[in-house]
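If you're matching positions, the sequence shown starts at 1 in UniProt numbering and goes up one per residue.
Quick reminder that beta carbons are idealized off the backbone N, C-alpha and C, glycines included.
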Amino acid sequence: MARKLNFSKSIKADSKEVFSQIASFENYSEFIPGCSKAKLIEKNDEYEIGELTFNFFLKTYSVSSKNVLTDNTINIEQIEGPFEFFTGKWSVRGRECSSTDVSFDAEFKLPFILQNIITDQVINDFCENALEAFIEKLQAKN
Numbered sequence: 001m002a003r004k005l006n007f008s009k010s011i012k013a014d015s016k017e018v019f020s021q022i023a024s025f026e027n028y029s030e031f032i033p034g035c036s037k038a039k040l041i042e043k044n045d046e047y048e049i050g051e052l053t054f055n056f057f058l059k060t061y062s063v064s065s066k067n068v069l070t071d072n073t074i075n076i077e078q079i080e081g082p083f084e085f086f087t088g089k090w091s092v093r094g095r096e097c098s099s100t101d102v103s104f105d106a107e108f109k110l111p112f113i114l115q116n117i118i119t120d121q122v123i124n125d126f127c128e129n130a131l132e133a134f135i136e137k138l139q140a141k142n
């Protein structure tokens, strides 16, 4: 069964700075819970390929993804990893008064063995914690 998630927040920060932070793949280990390593493998004018390493349930998982950056979006597609499939999209939209709307949408399918272990609540908590850590990091810079 494919799962979908969507979260969004309004941040008191400049949209270009927000996008720059989200696009800085190498820094993901600083704000994504359980991410122990973030490595940029390849970067060119059309896309980036990166690898994130996570430690969950006493096991190490790596996810490689192709990330296509445009003016205010980042489209993510898993190349290799624990999901049967994963696609995601970051969107950043500037508003008045140095405020920015940030959203993340994803669709993915977990392997059968993890479907019953990892509940929707666990996934939602993980995403909320990642976004809050990201916002705290951004606000600490301002």
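Checklist entry - Between G88 and the rest of its own chain, which residues show a CB-CB distance below 7 Å, the 5 nearest in sequence each way excluded? => result Looking up residue 88 in the sequence shown gives position 88. The residues are I76, F104, D105 and A106.
Checklist entry - Which of helix, strand or coil does DSSP assign to D105? => result Numbered from its first residue, the sequence shown carries residue 105 at position 105. D105 falls in the strand class under three-state DSSP.
Next on the checklist: Let's see if you can read the secondary structure: which residues bound the beta strand (DSSP E) around E80?
Outcome noted: Counting from 1 along the sequence shown, the entry for residue 80 is found at position 80. Element bounds for E80: T73 to E80.
Next on the checklist: Quick check for students: name the residue ranges of the beta strand (DSSP E) that lie wholly in the UniProt domain "Coenzyme Q-binding protein COQ10 START" (12-134), counting only runs of 3 or more.
Outcome noted: 35-43, 48-56, 59-69, 73-80, 85-95 and 99-109
Item to check | Distance between S15 and residue 152 (C-alpha atoms, nearest Å) | outcome: No answer is possible for residue 152: it lies beyond the span of the chain, which begins at 1 and ends at 142.
Checklist entry - Touch check for the stretch 116-132 and the stretch 37-48: three-plus C-beta pairs under 8 Å? => result no
Item to check | Closest Cα partner of P33 within the set W90, S24, L52 and L40 | outcome: Position 33 of the sequence shown, counted from the first residue, corresponds to residue 33. That would be L52, whose Cα lies nearest to the Cα of P33.
Checklist entry - Is S10 buried or exposed, if buried means 16 or more other CB atoms sit within 10 Å of its CB? => result The count along the sequence shown starts at 1 and reaches residue 10 at position 10. Result: exposed.
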